[in-house]
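Taking it in order: structure first as structure tokens, then the write-up.
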Amino acid sequence: MGRGMLQSVVIVGAGQAGAEAAMALRQFKFAGEIRLIGREASVPYERPPLSKGFLTGDVAAERLCFRTADAYARANIELILGREVRALDPAERRVLLDDGYAVTFDACILATGSAARRLDLPGAELANIFVLRTIEDAKQLRRGLVPGCRLAVIGGGYLGLEAAASARKLGASVTVIEALPSLLSRSASPLTADALCRLHRRSGIEVLLGEAVKGFSGELSVESVMLASGRAVAADLVLVAAGGVAETALAQDAGIDCANGILTDSDGRTNIDGIYAVGDCANAAQHTGGPHRRLESVQCAVQQARRAAAAVLGLPRPAPKVPYFWSEQFGLKLQIAGLVEPGVSTRDEVVGDLDGDFAVYRFSEDVLLAVEAFNRPRDFIQAQQRIGMRDAALPAA
Ligand code: FAD
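The working numbering applies: residue 6 is where the sequence shown begins, and numbers increase by one.
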């Protein structure tokens with residue numbers, strides 16, 4: 006779409022990707038109308054602290070917002086908050102809000118994010134069973150995290166492990182329940198996953214592996230988590246951290262192709278002209294021509310938002326970056342660059358001490374595909390630049 010005909014852009018979803026897309030359009034000198042519509046009442050904020058510093062009380066709510074409401078006003082971006090988009094009409098080029106209001110557009114960027122997966126199991130409706138996606142979820146969970154309380158975390162992914170570490174810091178007694186035989190099985194090397202498992206156990210967290218949850222028991226409030234093995238884990242609070250599901254309902258109802266997210270090309274274009282999707286909700290083709298990929302990470306949301314903003318305006322796209330993800334547990338930082346596609350076998354080499362600071366270098370046919378650095382920022386920065394290279398040298402231990 007040429008810049009000349011474009012007068013208004015509507016962005017649906019005012020999270021990390023939506024806010025970035027709005028700002029990028031202005032940075033790229035788009036002078037038309039930008040409306041950023043979000044279901045949550047808050048000015049766009051970052052989610053990573055919700056399982057880390059915000060949950061422990063170390064980071065205040067005001068520090069979560071990327072920018073003040075004033076900054077959006079100064080950039081002439083209209084924030085429409087606390088409003089849900091109920092329908093997208095591609096033929097009429099408009100979205101309909103929950104208050105009946107219609108907003109027209111020349112281009113629309115869907116940045117609807119993902120929702121926490123909920124478990125459809127007996128007892129799932131009991132009180133004190135939480136998910137963690139929004140600031141309101143984090144506040145609710147935090148209220149229950151008093152010293153001595155028993156928290157069961159279902160899911161040994163990053164979010165679950167971070168929340169477990171934060172709850173431990175607050176004095177909770179924590180059990181992590183993972184159905185697969187190891188933690189982080191989809192997103193880290195076995196070496197890093199096992200190292201984190203040992204770290205959690207050393208820190209007093211009970212980690213149960215290969216244990217499927219079959220339901221919850223309790224009167225009004227949850228009292229225990231029932232496992233398929235027959236064991237019951239006593240709990241005052243439960244956090245379901247079983248991954249995210251892309252928010253695609255709006256797109257699907259509008260006839261946009263979806264499969265594990267809204268399908269897009271590497272510029273965020275959907276199959277309907279003038280409609281783009283970015284961030285957690287998008288399952289995007291890679292610029293290298295590799296398979297579609299849906300990544301839930303801040304860096305991916307920011308990159309996709311900036312690329313789509315450039316594509317909407319017909320400008321050259323910003324250069325793609327190597328995928329990056331970080332996590333923080335017990336005040337220690339894990340940084341990951343690069344990706345290992347499912348099914349690819351790797352040779353993983355360790356530098357450092359797996360029970361201290363370490364980096365895992367993941368090679369396939371001598372090409373460095375990914376690095377995972379735990380509390381080794383210097384090694385991380387060096388390795389990040391060598392992703393994709395053959396025979397990348399490892400630093401001295
Ligand atoms: P979101 O930030 O989820 O924003 C989507 C917004 O769209 C939401 O506010 C939603 O309410 C709104 N919306 C949806 N549908 C509609 C509609 N119909 N109408 C109006 N509004 C709508 N990533 C990292 O890289 N590192 C981390 O350490 C890390 N930690 C995390 C910790 C937690 C607790 C969580 C939840 C996520 C974490 N992530 C982390 C992931 C990262 O936050 C997400 O990848 C990122 O927020 C994605 O941005 P997004 O804009 O696509 O989605």
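C-beta atoms are modelled at their ideal positions from N, C-alpha and C, and glycine is treated no differently.
Residue i: CB within 7 Å of a non-hydrogen atom of the ligand NAP
i          : result
residue 42 : In the structure shown, the ligand NAP is absent; the only ligands present are the ligand FAD.
Residue from the options with nearest C-alpha to residue i
i           : options               : result
residue 319 : 187, 40, 17 and 30    : 30
residue 166 : 121, 136 and 201      : 201
residue 291 : 271, 65, 118 and 76   : 271
residue 296 : 87, 268 and 242       : 268
residue 391 : 368, 380 and 381      : 368
residue 256 : 387, 279, 384 and 231 : 279
residue 112 : 381, 245, 359 and 14  : 14
residue 328 : 121, 321, 259 and 298 : 298
residue 378 : 151, 32, 197 and 90   : 197
residue 32  : 311, 195, 364 and 331 : 311
residue 325 : 277, 273, 351 and 364 : 273
residue 362 : 348, 380 and 248      : 380
residue 224 : 129, 79 and 53        : 129
residue 39  : 53, 49 and 78         : 78
residue 45  : 300, 88 and 238       : 88
residue 108 : 185, 384 and 42       : 42
residue 239 : 232, 233 and 228      : 228
residue 331 : 359, 53 and 61        : 53
residue 393 : 185, 383, 205 and 366 : 366
residue 85  : 91, 277, 48 and 134   : 48
Residues bridged to residue i [DSSP beta-bridge criterion]
i           : result
residue 173 : Bridge partners of residue 173: none, in fact.
residue 109 : 99
residue 183 : 214
residue 262 : DSSP output for residue 262 lists no bridge partner at all.
residue 231 : 220 and 237
residue 354 : 366
residue 70  : 50
residue 269 : 289
residue 156 : 179 and 242
residue 43  : 86
residue 372 : 369 and 395
residue 281 : 114 and 274
residue 343 : 375
residue 94  : 99
residue 334 : 337
residue 134 : 243
residue 301 : DSSP output for residue 301 lists no bridge partner at all.
Buried versus exposed, by CB contacts within 10 Å (16 or more), residue i
i           : result
residue 57  : buried
residue 28  : buried
residue 395 : exposed
residue 7   : Legend: pLDDT at residue 7 = 44, less than 50; position of this residue unreliable, no value from coordinates given.
residue 354 : exposed
residue 388 : buried
residue 140 : buried
residue 132 : exposed
residue 179 : buried
residue 176 : exposed
residue 386 : exposed
residue 81  : exposed
residue 12  : exposed
residue 76  : exposed
residue 241 : buried
residue 302 : buried
residue 347 : exposed
residue 183 : buried
residue 19  : buried
residue 16  : buried
residue 313 : buried
residue 151 : exposed
residue 400 : exposed
residue 352 : exposed
residue 73  : exposed
### Task
Spell out a yes or no on whether the region 20-38 and the region 283-291 are touching, meaning 3 or more CB-CB pairs, one atom from each, closer than 8 Å.
yes
### Query
Taking three-plus beta-carbon pairs below 8 Å as touching, is the region 170-187 in contact with the region 141-161?
yes
### Task
Evaluate the contact criterion for the region 209-220 versus the region 100-119: three or more CB pairs, one atom per stretch, below 8 Å.
no
### Message
Three or more C-beta pairs under 8 Å: does that hold for the region 262-269 against the region 78-98?
### Response
no
### Query
Looking at C-beta atoms only, is the number of pairs between the region 149-158 and the region 249-261 that lie closer than 8 Å three or more?
no
### Message
With three or more C-beta pairs closer than 8 Å as the rule, is the region 110-117 touching the region 306-321?
### Response
yes
### Message
With three or more beta-carbon pairs closer than 8 Å as the criterion, would you say the region 333-341 touches the region 59-73?
### Response
no
### Task
Mind the definition here: the region 215-228 touches the region 188-205 only if three or more C-beta pairs lie below 8 Å; say whether that holds.
no
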